[in-house]
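Colleague:
Chains as they are written, first to last, in this note's numbering: chain A, 1 to 416; chain B, 1001 to 1500; chain C, 2001 to 2432.
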């Protein structure tokens, strides 16, 4: 390797040789293409049009047009619902009025992205250390439970109460992270199985808590908790009257991202984490205590997931019910896909969260405007992540000659 | 069977592993393929055995061109292979392993175990290789596992037997008996391709020796050539394995082992009460066939494996069962046996690897925050001093050649204050230039007054470097001898036969 | 070779015995003591419990009537608890090689004691008896689905591919099964299409994991996410506007002549839908094929040591493809079977059964027979979560619901016995 010529880096080689961003972009293109195919294949109007293409010579054009109209309407409403209507922007700019309405989609996207960023950073740190935390969802629920407990059962001034509930959320998540951490470190239990099982245990625990403990909303027999005090709420950035839900929680998320960047790139502990993730044997031989690292990773990852759950409580939900984060809609599961999309790096995770939040939020508008169910967003997300996790396939599809490396994958066989 | 290879070429990307190889093995011939690690021997054999496909060239068996789409085809055409890493399923029985891929069956595809067992008994008898067909392979010692591997290779009326580095795990006596087996098989008319990098073995058993270097056939010579000639053919220039060193000035012990007992991963006691001293200013070399407890002993010293009983003292401090970090801080330098597994993080940069175990210390970090400028400066300096060849210290370590990777580890370990320096298999798989460089570094450290412990399964290396030689057999020290002792006597010790 | 070879590594006699078996014993004793305290002493001295056996809703032509078994709650449960403690002590002292079997017995005894306690009179229960046959019929429906899922896992993981997408294959099978059955009124066709949909998902997993060496666990998780999104999407887009596509027929039972007349066992095992019998056939077939045939030996070789398999001419990639697609097929049928017992497709109604099946596979040590035992226990406890609600048990049904997940964690953590997965399970294999 003595005199290997350093590759010339022009803007073009940046996108053909080393950069994985291009692959992510192509994965997105493929995701939306397949999403379009799903729309076409399931929208009765489109199918009808194609059924009649032999009836008249121009029918094929009208079929194409109907197809285009449906797909573009869906994606346009996705855009409008998550970022905003360009006409509203123009209107607000020229008249100076109606900003609240114009900004609502962005506000919603940011609101949804806030806990997602936090949870995804947690999952990403675990991935970078070679551990797969499928349990982020359960940890987020625990964070939500403990956060709601601290927010509704304790009463004090906001200056103390709000930070206290946030810390309570972190602690809840840490408890959920410690179990797989300790079992992995001391009993060799595969974290994927343990966290997967814990998700269900915690879901039952949540039901138990909101049905059979003092946290249940007094006078209720449903699975609903007390509401947290006003003093423990992350207030909307622009006041309640604006109707914009984006809250001070985005500062919590920003702090988490900055912390994670420093932690992974500049801290000695983060260095140890990355060494452990890349080669656990070398980590051990160079004096890193693998057990401590595993437990710490789960403390940090679980703590962040718990914080995410609590931020969602404090900024939007204000109470927890038996259906909180249940099923694959939970932010803990979306966080896995976001972390993969963002290649486990804090910066990438911010973009990934914004994108998936936009898909989720825009999906609601799409459903309202075009009748296409918002679950299309989940389908597109999953397909994008499948392609991101399989960079070679994307390269083959687009005939790229890139050397971009894949995602750093965490898991090994069950036995390890 | 007469085997002929014509113009076999295999490329991996831009790297040519085999370059237009021509080779003929006559029936009843033991044909040795001699070459350094990485010369392309294993690739060639994988092609002959159908595990890989050549980009160019053809294989002729008894003058018939053949094409193998997988190794099953090769086996059906009478080729058997004994792999360097045994191709045995540990949780299967001997019989299941031997018949795998060619199972005798009854109706409904049921396995005919009885027939499998009787086939294996018959084979065992025919070749004099005794083994219990019902034993689970994972419960067999290495020597017997290899026996199973040979039986498996012979089980389909193999006419060509390929042995890929079969002696690495064997004692000298086991090697002798393996050679006897090879000779009797050749006398039966079977052709044998024997792959090795050990000069003595090819001269002892080979009919023809073909030397392969950097993917090319260099020459085919009779076994009457001297070891020196063969070695220079292998490496392309005259090599001098003799290391020049000054007379030893040994001081006080820096590393003391007392009755150390260690178990392996399976819980088997593999180090059975070892007591040794390494003194400052000397090189103590541990000789022994791989698998006699060396690996576990070194791991125990480095804190990577529990010491069941006994004590380890480093620079006068008891470090028994301390954590790896405590032992590193006490001044142990450790070049691990499996450098890519234990010594380096290949995906990370050279500069990060150069501070892998010092990243928390000043000047590389302050209060938990890394000082990246200091890390880079350190890397630039060490790369210069230890001749690590890389385009940039920010390149991933995996892009370096094996020799330069080893230099990274040596540089890292020698760049901090040490009490004792341990190097396990320090030159395994390195090119000759790097071997010389690493040896020189080790001797320099010893001249500078450091206590050095070398573990090597290469007897030549042990003899060249050691000021004293400890021979390990079955987890015990057979004796500590002077390097002037003859190879044969040391060989006896390595086989567990004590001095009479 | 000389005998030196054999002595050069130590004999196996000095292998450390791990103390984990003892931990199981202790755990069993704790369960027993808890049962004695909660279920035995937890009921008043003169309380009695009743089990009935005559199935309701099955067929009026049951030729037997067992009346009911009435026992004094406290002494009976104390005896059951003593049995548990006794088994625990035996495991602790003798350290048998198969403690999981004894653990399973203790788990079953625990559930029986719980049932006795739940239905005691005087007590809080509205229904003063437990219909044991109904309990068994109800839990056998869940167990059946779990067995399909864990058999799918056996097929994939024995060949070295982790199939965490079982849940997604269930969803696909249930969705398409309901559609096809609603339109054709044929569960046979529904099973075929469900099998195809499961196979297609299996193929995606295999394609990405084998050809592109993607991380199998990630791909599996994402496939589940995708299927739950897609099923919800299609449900709104297709099933809601056309309700006649989602009628939700329930497969009718077919009684095995004579055998279905056996008390208790008859209605449970021999008066079931075709899916149940197919499951039984599959268990036997997979067991036989995996451990008795050439095919099975090769599959296991691929899952344990793919290089060794390749070196004797076994096509590792093809074997894995085939098994993962077959596994997907089985899970797809499992989804249809679920739909055939639950009716109408609803979003999210498999509620993670695919992951429970994965747990049953691990608890069952990657063996079909073990998976069956685990599925029965898990099915029983899943059924009891719902059933116990009508007994006003102070013990929350949510706690029982955690049971399968907790013991799975205990198993993978080695707290209950040691499990050893196939050595190459989840490890991508690259030729060359």
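In this text, a Cβ means the ideal position worked out from N, Cα and C, and glycines have one as well.
Residue 32 (chain A) CB to nearest chain B CB: under 8 angstroms?
Modeller: For residue 32 (chain A), the answer is no, since every Cβ of chain B falls outside 8 angstroms of its Cβ.
Colleague: What distance in whole Å lies between the Cβ atoms of residue 1286 (chain B) and residue 1455 (chain B), which are believed to be in contact at a cut-off of 8 angstroms?
Modeller: Right, their Cβ atoms sit about 4 angstroms apart.
Colleague: Between residue 1396 (chain B) and the rest of its own chain, which residues show a CB-CB distance below 7 angstroms, the 5 nearest in sequence each way excluded?
Modeller: Once the five neighbours on either side are set aside, the close Cβ partners of residue 1396 (chain B) are 1346, 1347, 1348 and 1349.
Colleague: What residue range is occupied by the uninterrupted beta strand (DSSP E) comprising residue 1015 (chain B)?
Modeller: First-last of the beta strand (DSSP E) with residue 1015 (chain B): 1015 to 1025.
Colleague: Give me the Cα-Cα distance between residue 21 (chain A) and residue 2337 (chain C), rounded to the nearest whole angstrom.
Modeller: Each residue's alpha carbon lies about 44 angstroms from the other.
Colleague: Would you say residue 1197 (chain B) lies against chain C (beta-carbon separation less than 8 angstroms)?
Modeller: No, its Cβ sits nowhere closer than 8 angstroms to a Cβ of chain C.
Colleague: With a threshold of 7 angstroms on Cβ separation, who are the neighbours of residue 1351 (chain B) within its own chain once the five nearest residues in sequence on each side are excluded?
Modeller: If we look at residue 1351 (chain B) and ignore the five residues flanking it on each side, its Cβ neighbours are 1375, 1376, 1379, 1393 and 1394.
Colleague: Quick check: is the beta carbon of residue 1456 (chain B) nearer than 8 angstroms to any beta carbon in chain A?
Modeller: No, its Cβ sits nowhere closer than 8 angstroms to a Cβ of chain A.
Colleague: Who are the near neighbours of residue 107 (chain A) in its chain, counting only those whose CB is closer than 7 angstroms to its CB and skipping five residues on each side?
Modeller: Contacts found: 244, 245 and 246.
Colleague: Considering only residues of the same chain and omitting the five flanking positions on each side of residue 85 (chain A), which have a CB-CB separation below 6 angstroms?
Modeller: Here the set comprises nothing.
Colleague: Pairs of beta-carbons, one from the region 1207 to 1214 of chain B and one from the region 1171 to 1182 of chain B, closer than 8 angstroms: are there three or more?
Modeller: Judged by Cβ distances under 8 angstroms, the region 1207 to 1214 of chain B makes no contact with the region 1171 to 1182 of chain B, as fewer than three pairs qualify.
Colleague: Is it true that the region 2105 to 2123 of chain C meets the region 2072 to 2085 of chain C, where meeting means three or more beta-carbon pairs spaced less than 8 angstroms apart?
Modeller: Counting Cβ pairs under 8 angstroms, three or more are found: they touch.
Colleague: Where does residue 2051 (chain C) sit, in a helix, a strand or coil, going by DSSP?
Modeller: Three-state result, residue 2051 (chain C): strand.
Colleague: Quick one: is residue 2102 (chain C) buried, meaning 16 or more other Cβ sit within 10 Å of its Cβ, or exposed?
Modeller: Buried.
Colleague: Give the range of the alpha helix (DSSP H) segment to which residue 136 (chain A) is assigned.
Modeller: Counting along the chain, the alpha helix (DSSP H) containing residue 136 (chain A) begins and ends at 136 to 153.
Colleague: First and last residue of the beta strand (DSSP E) that includes residue 2289 (chain C)?
Modeller: Here residue 2289 (chain C) belongs to no beta strand (DSSP E); instead the alpha helix (DSSP H) covers 2274 to 2292.
Colleague: Contact defined as beta carbons within less than 8 angstroms: I believe residue 304 (chain A) pairs with residue 130 (chain A). What is the distance between those atoms, to the nearest angstrom?
Modeller: The Cβ separation is near 17 angstroms, so there is no contact.
Colleague: Just to check my reading of the structure: residue 2225 (chain C) and residue 378 (chain A) have Cβ atoms closer than 8 angstroms, yes? What is that Cβ distance to the nearest angstrom?
Modeller: Indeed they touch by this definition, with Cβ atoms about 6 angstroms apart.
Colleague: Indicate whether the contact test is met: 3 or more Cβ pairs, each with one atom in the region 1271 to 1280 of chain B and one in the region 1431 to 1445 of chain B, closer than 8 angstroms.
Modeller: Because the criterion of three Cβ pairs below 8 angstroms is not met, the region 1271 to 1280 of chain B and the region 1431 to 1445 of chain B do not touch.
Colleague: Residue 156 (chain A): which of A:62, A:228 and A:92 sits nearest, CA to CA?
Modeller: When only C-alpha atoms are compared, the closest one is A:228.
Colleague: Report yes or no: do the region 45 to 58 of chain A and the region 2250 to 2266 of chain C share at least 3 C-beta pairs separated by less than 8 angstroms?
Modeller: Too few Cβ pairs lie closer than 8 angstroms, so no.
Colleague: Residue 2297 (chain C) touches chain B at which residues, Cβ-Cβ below 7 angstroms?
Modeller: Going along chain B in sequence order, the residues near residue 2297 (chain C) (Cβ under 7 angstroms) are 1096, 1100, 1103 and 1111.
Colleague: Please classify residue 1220 (chain B): does DSSP put it in a helix, a strand, or coil?
Modeller: Residue 1220 (chain B) falls in the strand class under three-state DSSP.
Colleague: Assuming residue 1082 (chain B) contacts residue 1149 (chain B) under a Cβ cut-off of 8 angstroms, what Cβ separation, rounded to an integer in Å, is found between them?
Modeller: With a Cβ gap of about 5 angstroms, residue 1082 (chain B) and residue 1149 (chain B) count as contacting.
Colleague: Given residue 2303 (chain C), which residues of its chain have a CB within under 8 angstroms of its CB, disregarding the five upstream and five downstream residues?
Modeller: Here the set comprises 2157, 2158, 2159, 2160, 2422, 2423, 2424 and 2425.
Colleague: For residue 1470 (chain B), write down the residues that DSSP places opposite it in a beta bridge.
Modeller: BP columns for residue 1470 (chain B) point to B:1286 and B:1480.
Colleague: Do we get a CB-CB distance below 8 angstroms when we pair residue 200 (chain A) with the residues of chain C?
Modeller: Yes, its Cβ sits closer than 8 angstroms to a Cβ of chain C.
Colleague: Just the chain C side, please: which residues come within less than 7 angstroms of residue 392 (chain A) by C-beta, in chain order?
Modeller: The answer, in chain order, is 2212.
Colleague: From the DSSP secondary-structure annotation, give me the bridge partner or partners of residue 1080 (chain B).
Modeller: Partner(s): B:1161.
Colleague: According to DSSP, simplified to helix, strand and coil, what is residue 2428 (chain C)?
Modeller: In the structure shown, residue 2428 (chain C) sits in coil (DSSP, three-state: anything other than H, G, I, E or B).
Colleague: Under 8 angstroms between the Cβ atoms of residue 187 (chain A) and residue 2364 (chain C)?
Modeller: Taking 8 angstroms as the Cβ cut-off, residue 187 (chain A) and residue 2364 (chain C) do not qualify as a contacting pair.
Colleague: Assign residue 153 (chain A) to one of two classes, buried (16 or more other C-beta atoms within 10 Å of its C-beta) or exposed (fewer than that).
Modeller: By the 10 Å Cβ count, residue 153 (chain A) comes out exposed.
Colleague: What's the call for residue 1063 (chain B), buried or exposed, on a 16-neighbour Cβ count within 10 Å?
Modeller: So residue 1063 (chain B) counts as exposed.
Colleague: In this structure, does DSSP put residue 2376 (chain C) in helix, strand or coil?
Modeller: DSSP places residue 2376 (chain C) in helix when its eight states are reduced to three.
Colleague: With the cut-off set at 8 angstroms, would you say residue 1119 (chain B) and residue 1141 (chain B) are in Cβ contact?
Modeller: No, the pair does not count as a contact, with Cβ atoms beyond the cut-off.
Colleague: For residue 2120 (chain C), I'd like the list of residues in its chain whose CB is within less than 6 angstroms of its CB, leaving aside the five on either flank, ordered along the chain.
Modeller: Excluding sequence neighbours, residue 2120 (chain C) sits near 2043, 2047, 2049 and 2073.
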